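Here the structure is laid out as structure tokens; the discussion comes afterwards.
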Amino acid sequence: IREGLHYNPYFPGGAIAMPQMLIDGAVEYEDGTPATEAQ
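Taking the numbering used here, the leading residue of the sequence shown gets 91, the next gets one more, and so forth.
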């Protein structure tokens, strides 16, 4: 993958300039639900 690109198996060519948007802990829920990428 070239610099500035990110791997995305669902994007034609497998590379996209938009970084990964979902990461663990990116949001906080009032009830304490863990914020994981898998959700």
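Note that CB positions come from ideal geometry on N, CA and C, so glycine has one too.
The structure presented is a predicted model; accordingly, all values stated were derived computationally and were not measured.
Between the Cα of residue 112 and those of 103, 98, 102, 104, spot the shortest distance and give me the residue it belongs to.
Against the sequence shown, residue 112 aligns to sequence position 22. That would be 98, whose Cα lies nearest to the Cα of residue 112.
Relative to the C-alpha of residue 107, which candidate in 121, 114, 95, 116 has its C-alpha closest?
Locating residue 107 in the sequence shown gives position 17, counting from the first residue. The candidate whose alpha carbon is nearest that of residue 107 is 95.
Cβ-based neighbour list, residue 114, same chain, cut-off 6 Å, excluding 5 preceding and 5 following:
Here the question's residue 114 lines up with position 24 in the sequence shown. Here the set comprises 126, 127.
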